[in-house]
Structure formats: structure tokens, C-alpha cells
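Chemist:
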Amino acid sequence: MADVGGPAPYIYVSTRMRVRKAKLIPREEYLRMLNMSLPEITRLIGETEYKREIDELSSSFSGINLIEVALSWNLAKEYQEILKITPSGLMRFVQIYLRHWDIQNVLTILRGKVQGMKPGKIKEVLIPAGELDRATLDHLLNEDSPERIVDSLKDRPFGAVLAAGITEALETGSFANLENELYKKLYARMIAEAKEGIKGGYEFLGYIQMEIDLKNLINLFRFRAQNAGEEVRELLIPGGKAFTVDELQRMSAIEDLNEFIDAARKKTRDPELNALFDELGQKRPVHEVEVLVTKYQLKQMERLSKLYVFSVFPILAYLEMKKYEVTNLRAIARGKEYGLPNERIQGYLVM
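When we follow the numbering used here, the leftmost residue of the sequence shown carries the number 28, and every step to the right adds one.
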């Protein structure tokens, strides 16, 4: 969407984001779904914004596969439609932010190939929302080896990182280190983009720094849970605002949970973040930590979207809320497929 001068395009897109947010599935609907069977959940989803995809795909898929593919298609379509109405002054920020999906898609394809999954099965969960469109992802799916996939991406922004890390990933059978390096590269690029003096860059930088801080906190909790003896620095993303990598590394050596939380609390004056630390101070599984941190992040994005109406925040806030709606629906559907108790499924929901 081209800017036509003045605030009009920003007011328009902010209004459209509010309309879309109003259509997101509310908490009480998720709770209802927990007491439904998989066919009932499919019918309910088919009565929401996912109706077109459910209808189109129901002749080719059923059960969990129908839900998986419909959610992927809808999310990709929604992201592409958001790009069409994004003012040109914000387009660069939104496009680079959506490169998260390029990393996720490429890693999903590589992991699927290593595990011997069929291309069609891998394709069901891909979200062509970033720079790599559906045709490019189809090409990657048809490559006959992980090495060929990486080679075909050599000219992409993250091609050098993939090339440097693929051998170790294949030898160890783990893509965790490669994934860390890809995200470090992405966040470094987003920070550089925000600092180029473009209008709106200051606000974008503030959000990216907050996201880095929160991702690093989650990584510290994962490190504490696994106690794997690895170098925690390798898990951490440079560029955060509240914590430097050196500070986070020192915090990682604190064994007592209360002392660890106190050390983190000293770095912030935000009362809402302190309230989050109070919750994290209770011993919890890592997935519950991730849910609490994500809820805090979404709440902050919603606050910023109202504070900075003529910025990228209203768009990013909706993109993230939509992503977690799909994540929630997937968690419920998969949980039902595997016969998990409702309480356990609910523990994975961001609502």
C-alpha cells in the first residue's frame, strides 16, 4: 500500500488491525474446545475465520491433517493480506520481521528431510509468510538432500549461516546450534535496519530489544532445566536492552531460583515485568515459563500499539496475536489427537 501523504494510511491500517483483532478467538472458546472431540473442534473452526480453508481442503484432508493444513494456509494468506495494506513507510520493518518464518520453514524442511518425512507431509505445516514464497518452498521440498537445500539458498540473507552450520547439524543430528545462529543473524539485521535513520526505526528498535530480552530469559530457563553443561553464551542473542550477554551469562551460574529471579529483577523498573518475575519465581516447567513470557510480550505489544498508533506496532501486535491463535488451535487439536488430559493441553495455551 503506497503512502498517500499524512497520517491517513496509518490510521487506515491501525483500524483494520483493530477489526481483525476483534475477530480473534476469545479465551472462553478455547476452554469450550477442550471439552470437545476432534470432529467437533473441526466443525467449530469451520464456523470461524478459517471456514474457507476448511471447506476447500475437506475433500483432500480429514482429522488432524485437515486442521493443520487449514491453519497453515489461513495464516499465510492473512500475512500476505496484511503486507498488501501496510504503508510503504513501514513495509521494510514488517518484511524483515516476517523473516522469522523463513528460518522456521527452512529448519522444518531440513529436519523433515533428515527424519525421512514425505515432502507432502512437511508442506502441511509450512507458512509461506516471509521472503521465501510457496514456489520457493516447493522447490526446496523437492531437493534430494539437506546439502542441496542449503546450496540452493546460498544467495539468501542467511545462506552463509546455513552453509557454515549444516555439517555440524547433520553430524550431531541436532539443528539447535544452527537455529541459534540463524536467529542471531536475523536480530542483528533487524537492529541494523532500525538504526538506519528511517522514520519509525526508534520504535521498532525498542520492540526488537524487548523481544531479544524475553527470548534470552526463556533460553536461560531452558538452560537451567536441561543443565546440559553446554556454554550458555551460545544460546543468547546479543542486542537486548535490559540484559547484556555477559550479565545473562553470570546469571546462568546462579543455582538458587529465588536468587536468579532477584538478579533479573534488579535490571528492570517495569512493574509489569516484576510481576512476571514473581510468577517465574515459582518452580515451573519450561513450557509454562514460555507461555507466561509470551503473554507478557503480547500484552506489551498491545499497549505499544495503542501508544504509537502511527507506527509498526499495530501491525506487529496483530501478526503475533494471529500466530498464537494458530499455535493454540494446533495445540488443542494435537492434544486431542494424542488423548492428552485437558489440564495438560491448557498448560500450552497462550490466552
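Using N, Cα and C, we set each Cβ at its ideal position, and we do this for glycine too.
Under the rule that 16 or more other beta-carbon atoms within 10 Å means buried, what is G143, buried or exposed?
Modeler: G143 comes out exposed.
Chemist: Using only alpha-carbon positions, find the residue among R371, I342 and F340 that is nearest to N355.
Modeler: Per the Cα distances, R371.
Chemist: So the candidates are L343, G374 and N285; which of them puts its Cα closest to the Cα of Q309?
Modeler: The shortest C-alpha separation from Q309 is found at N285.
Chemist: Restricting to Cα atoms, I'd like to know which of A215, D240, V318 and V121 is closest to G267.
Modeler: Out of A215, D240, V318 and V121, D240 has the C-alpha closest to the C-alpha of G267.
Chemist: What number of angstroms, rounded off, separates the C-alpha of L84 from the C-alpha of T199?
Modeler: Distance between the alpha carbons of L84 and T199 is about 38 Å.
Chemist: Rounded to whole angstroms, how far is the Cβ of E220 from the Cβ of I130, which I believe are closer than 8 Å?
Modeler: Contact flag wrong, Cβ pair sits at about 16 Å.
Chemist: Are the beta-carbon atoms of V316 and I245 separated by less than 9 Å?
Modeler: Cβ atoms of V316 and I245: closer than 9 Å.
Chemist: Distance check for E223 and A360, CA to CA, integer angstroms please.
Modeler: Cα-Cα distance, rounded: 43 Å.
Chemist: Going by C-alpha distance, which of E347, Q107, E274 and Y234 is nearest R161?
Modeler: Measuring from the Cα of R161, the nearest candidate turns out to be Q107.
Chemist: Have a look at I264, L367, P368 and E352 and flag the residue whose alpha-carbon is nearest the alpha-carbon of I94.
Modeler: Minimum Cα distance to I94 is reached at E352.
Chemist: What number of angstroms, rounded off, separates the C-alpha of Y375 from the C-alpha of D273?
Modeler: If I take the Cα positions, the gap works out to 31 Å.
Chemist: Given T113, which residues of its chain have a CB within under 7 Å of its CB, disregarding the five upstream and five downstream residues?
Modeler: Excluding sequence neighbours, T113 sits near M28, V40, V121 and I342.
Chemist: If you reduce the DSSP assignment to three classes, tell me which class Q107 lands in.
Modeler: Helix.
Chemist: Residues in the same chain with beta-carbon distance under 7 Å from P173, minus the five sequence neighbours each way, listed in chain order, please.
Modeler: Excluding sequence neighbours, P173 sits near L137, K140, V141, I193 and L197.
Chemist: Over what stretch of residues does the alpha helix (DSSP H) that includes K363 continue unbroken?
Modeler: Run containing K363: F340 to E364, per the alpha helix (DSSP H) assignment.
Chemist: Report yes if the C-beta distance between I409 and V133 is below 9 Å; otherwise report no.
Modeler: The displayed coordinates of the chain run from 28 to 378. Any statement about residue 409 would go beyond what the structure contains.
Chemist: According to DSSP, simplified to helix, strand and coil, what is G139?
Modeler: It is helical.
Chemist: Check each candidate in Q373, Y365 and K350 and name the one with the smallest Cα separation from L51.
Modeler: For L51, the nearest C-alpha among the options comes from K350.
Chemist: Where do the N-terminal and C-terminal ends of the alpha helix (DSSP H) with E258 fall, by residue?
Modeler: Premise fails: E258 is in no alpha helix (DSSP H) and is neither H nor E.
Chemist: Measuring straight from C-alpha to C-alpha, what distance separates A203 and E67?
Modeler: So the alpha carbons of these two residues sit roughly 36 Å apart.
Chemist: Confirm, please, whether the CB-CB distance from K48 to M378 is below 9 Å.
Modeler: Their beta carbons are not under 9 Å apart, which means M378 does not touch K48 by this criterion.
Chemist: For L117, tell me which candidate among G186, T163 and L232 has the shortest Cα-Cα distance.
Modeler: Of G186, T163 and L232, the residue nearest in Cα terms is L232.
Chemist: I need the straight-line Cα distance from E238 to Q324, nearest angstrom please.
Modeler: For E238 and Q324, the distance between alpha carbons rounds to 8 Å.
Chemist: Using only the alpha-carbon positions, how far apart do D30 and I38 sit?
Modeler: Low local confidence applies: a pLDDT of 48 at D30 is under 50, so the model's placement there is unreliable, and no value is given.
Chemist: Could you compute how far the alpha carbon of I149 sits from the alpha carbon of D165?
Modeler: Rounded to the nearest angstrom, the two C-alpha atoms are 10 Å apart.
Chemist: Whole angstroms is fine: what's the gap from P298's alpha carbon to I281's?
Modeler: Cα to Cα, P298 sits roughly 23 Å from I281.
Chemist: Let's test the definition: count the other Cβ atoms within 10 Å of the Cβ of G227 and tell me whether it reaches 16, buried, or not, exposed.
Modeler: By the neighbour-count rule (16 or more Cβ atoms within 10 Å), G227 is buried.
Chemist: Around the Cβ of Q253, are there at least 16 other Cβ atoms within 10 angstroms (buried) or fewer (exposed)?
Modeler: When all chains shown are included, Q253 counts as exposed.
Chemist: My assumption, with CB atoms under 8 Å, is that S99 sits in contact with V152. Please give the rounded CB distance.
Modeler: Correct: roughly 6 Å between the Cβ atoms.
Chemist: What residue range does the alpha helix (DSSP H) around M60 cover?
Modeler: Counting along the chain, the alpha helix (DSSP H) containing M60 begins and ends at R54 to L61.
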